[in-house]
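Following: one structure in structure tokens, then a few remarks.
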Amino acid sequence: MRDCGAAAPPDQAALDVLCPMHARLDREGWIVHAGPMLAKLDARSGVVGRRFADLFELRRPRIDDRVDLLMDGGAVRLRLRLRQPPATGLKGVFVPVAGGAVVNLSFGIALQEAVRDFSLTAGDFAATDLAVEMLYLIEAKSVAMEASRKLNLRLQGARIAAEEKAFTDTLTGLGNRRVLEPLLTRLIDAGSDFALLNLDLDFFKAVNDTLGHAAGDHVLQQAAGIMRAETRDSDRVLRLGGDEFVVILEGPVDRARVDDIARRLIARLEEPMRWEGRPLEISASIGAALSRSYVTREAGAMIAQMMDDADRALYAAKAAGRGRHVVHDPSEGG
Numbered sequence: 001m002r003d004c005g006a007a008a009p010p011d012q013a014a015l016d017v018l019c020p021m022h023a024r025l026d027r028e029g030w031i032v033h034a035g036p037m038l039a040k041l042d043a044r045s046g047v048v049g050r051r052f053a054d055l056f057e058l059r060r061p062r063i064d065d066r067v068d069l070l071m072d073g074g075a076v077r078l079r080l081r082l083r084q085p086p087a088t089g090l091k092g093v094f095v096p097v098a099g100g101a102v103v104n105l106s107f108g109i110a111l112q113e114a115v116r117d118f119s120l121t122a123g124d125f126a127a128t129d130l131a132v133e134m135l136y137l138i139e140a141k142s143v144a145m146e147a148s149r150k151l152n153l154r155l156q157g158a159r160i161a162a163e164e165k166a167f168t169d170t171l172t173g174l175g176n177r178r179v180l181e182p183l184l185t186r187l188i189d190a191g192s193d194f195a196l197l198n199l200d201l202d203f204f205k206a207v208n209d210t211l212g213h214a215a216g217d218h219v220l221q222q223a224a225g226i227m228r229a230e231t232r233d234s235d236r237v238l239r240l241g242g243d244e245f246v247v248i249l250e251g252p253v254d255r256a257r258v259d260d261i262a263r264r265l266i267a268r269l270e271e272p273m274r275w276e277g278r279p280l281e282i283s284a285s286i287g288a289a290l291s292r293s294y295v296t297r298e299a300g301a302m303i304a305q306m307m308d309d310a311d312r313a314l315y316a317a318k319a320a321g322r323g324r325h326v327v328h329d330p331s332e333g334g
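Reading the sequence shown from the start, the letters are residues 1 to 334 in the UniProt record's numbering.
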């Protein structure tokens, strides 16, 4: 490191204020003075008394870091990079002066990273430097983007909540009629094996007529809970309206499984429910259709046919005395 104890030129103090990121070089390329901001780039080892080429890699012009070759020319634009990590890129202008040169530097597009890496503040920049305004703009943009991100999250949450509400039966918390067709379409398009069970509560109207709608709502909520408990997480229970429910059993599913679940559902629903100390007795009738019974896999036609066949099976269960289930048999036709 070279001894640079010579007195500074009389204009040095002004230059430090106007160009805080400048360096004065002697004719051999040694730094004899550094502005206060430039000194921060290597505060631990110091900048003054070191070769300019030891601190900076000169990328343009390509003169093998021989800045002394520029001493006898005019002003030259520079592109440089710090040799030490984080290897920040810089822009500069090299101006020969009596006894050497002045190099003024700036961070260019690396400004935001440099402020972070070297702990710079607005006070490190010249008062007229547009970089200060750029810092404020960057900060304002960051604040605006964060506010926009939070707003988007709130809007997304509101949209999801609205969609969930639109597809949810508010009384029971089950999916509603709007869920049915998209759900069946997805299963059919995926070639999945499933069963569709139409379930009606028997004697529900008598509860409503004798004890009122509050008792009826209680029955519907209890029935929904029973259907959830007796089916798997992969199955779906929907309330279509009134005392009409649909249970979708995802496969593999066969007649034996449908029979087993239908019997368990009916048995559980026939257990007396309590309402204000009084027993409420209902039952259920179920009509079912199995997807494997259908040749066509065109979603629209298959959904319509399965719903129609499950409805006919449900009416057959009711006609047989209620509290029963019937699985549609395609061999019977009609």
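Glycine residues also receive a C-beta, built at the ideal position from the N, C-alpha and C atoms. Note that the structure is predicted; figures quoted are calculated from it, not measured.
- The C-alpha of residue 215 lies about 41 Å from the C-alpha of residue 189.
- For a cut-off of 8 Å, the C-beta gap from residue 266 to residue 219 is around 15 Å, too long to register as a contact.
- Between residue 237 and residue 224, the gap from beta carbon to beta carbon is short of 8 Å.
- For residue 116, there is no enclosing beta strand (DSSP E); the enclosing alpha helix (DSSP H) has its first and last residue at 111 to 117.
- Residue 55 places its beta carbon 8 Å or farther from that of residue 126.
- In this structure, residue 99 lies near residue 26, with their beta-carbon atoms less than 8 Å apart.
- Counting C-beta atoms within 10 angstroms of its own C-beta, residue 154 has fewer than 16 neighbours from the protein chains shown and is therefore classed as exposed.
- Scanning its chain for C-beta atoms nearer than 7 Å, with the 5 sequence neighbours on each side dropped, one finds around residue 174 the residues 224, 237, 238, 239, in chain order.
- For the beta strand (DSSP E) assignment, the uninterrupted runs of no fewer than 3 residues enclosed by the UniProt domain "GGDEF" (192 to 330) are, from N- to C-terminal side, 194 to 202, 236 to 241, 244 to 250, 273 to 275, 278 to 280, 283 to 290, 325 to 327.
- Residue pairing of residue 77 in beta bridges, as defined by DSSP: 93.
- Looking at 79, 36, 116, 298, the one whose alpha-carbon comes closest to that of residue 14 is 36.
- Residue environment analysis places residue 24 among the buried positions, since at least 16 neighbouring C-beta atoms fall within 10 angstroms of its C-beta.
- The DSSP-derived three-state label of residue 32 is strand.
- For residue 33, the closest C-alpha among the options 221, 42, 48, 61 is that of 48.
- Residue 27: not part of any beta strand (DSSP E); DSSP gives it neither H nor E.
- Spatial neighbours of residue 169 in its own chain (CB-CB distance under 6 Å, excluding positions within 5 residues in sequence) are listed in chain order as 176, 239.
- By the neighbour-count criterion, in which a residue is buried when 16 or more other Cβ atoms sit within 10 angstroms of its Cβ, residue 320 is exposed.
- DSSP places residue 15 inside the alpha helix (DSSP H), whose first and last residues are 12 to 18.
- Taking C-beta atoms under 8 Å as the contact rule, residue 195 and residue 289 qualify, at a distance of about 7 Å.
- Judged by beta-carbon spacing, residue 287 lies beyond the 8 Å limit of residue 256, meaning their Cβ atoms are not closer than that value.
- When secondary structure is reduced to three states using DSSP, residue 82 falls in the strand class.
- The C-beta of residue 156 has fewer than 16 other C-beta atoms within 10 Å across all chains shown, which makes the residue exposed.
- At a Cβ-Cβ threshold of 8 Å, residue 101 and residue 107 do not count as neighbours.
- Taken atom to atom, the span from the alpha-carbon of residue 296 to that of residue 191 is near 11 Å.
- Contact annotation, residue 235 with residue 247: C-beta distance approximately 7 Å; criterion of less than 8 Å satisfied.
- In terms of Cβ geometry, residue 38 and residue 80 do not form a close pair [threshold 8 Å].
- Only residues of its own chain outside the window of five on either side were considered, and among them 303 have a CB closer than 8 Å to the CB of residue 181, listed in chain order.
- Of the residues assessed, residue 29 falls on the buried side of the cut-off, its CB having 16 or more other CB atoms within 10 angstroms.
- By the beta-carbon neighbour count (other beta carbons within 10 angstroms, threshold 16), residue 97 is exposed.
- Just so you know, the alpha carbons of residue 72 and residue 40 end up roughly 29 Å apart.
- Of the candidates 59, 57, 60, 31, the residue whose Cα lies closest to the Cα of residue 46 is 31.
- Nearest C-alpha to residue 74 among 83, 186, 103, 124: 103.
- The beta carbons of residue 198 and residue 311 sit closer together than 8 Å.
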